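Please read the structure below before turning to the comments.
Residue numbers (the numbering used here): 641 to 774.
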């Protein structure tokens, strides 16, 4: 449930997608075994596909009209939109950007996930501590 990387831009294209994926990989110093996304053209772009193939990352794509297959991302964006409210309340793009990054910090560190009974970061830390002790 953790947002592991985020980038904002004026264009939602493969350049933005790859930048975000590469930052997540760098953050964890590890390539994922697979990557799941929806059928957006920015995700299915040749640049993205080649990056995944070159790095032996298996591609998983949601079926058309099946948003539940990408449930975590859909849930995050639904909450973000619902809790943000009217975008016109922001004075400028910088204020909106600051709000989004603060929201992601809250989402990862403070928001309780009912199923986990804690925040995503606290849950991840608990799992890492358990693995170190076993």
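C-beta: ideal position from N, C-alpha, C; glycine also.
Just so you know, these numbers come straight off a predicted model, no measurement behind them.
Beta-carbon separation (whole angstroms), residue i vs residue j, contact threshold 8 Å
i           : j           : result
residue 673 : residue 698 : 6 Å
C-alpha distance - residue i paired with residue j, whole-angstrom precision
i           : j           : result
residue 762 : residue 749 : 7 Å
residue 719 : residue 731 : 22 Å
residue 667 : residue 658 : 14 Å
residue 766 : residue 752 : 14 Å
residue 711 : residue 774 : 31 Å
residue 692 : residue 704 : 21 Å
residue 685 : residue 665 : 19 Å
residue 623 : residue 700 : Nothing about residue 623 can be read from this structure; the chain reaches only from 641 to 774.
residue 764 : residue 758 : 10 Å
residue 743 : residue 772 : 30 Å
Residue i in three-state terms, based on DSSP
i           : result
residue 774 : coil
residue 758 : strand
residue 752 : coil
residue 700 : strand
residue 675 : strand
residue 645 : coil
residue 710 : helix
residue 738 : helix
residue 694 : helix
Given residue i as reference, the closest of the options once Cα atoms are compared
i           : options          : result
residue 702 : 680, 695 and 722 : 680
Alpha helix (DSSP H) runs contained entirely in the segment 648–672, provided each spans 4 or more residues: 654–668
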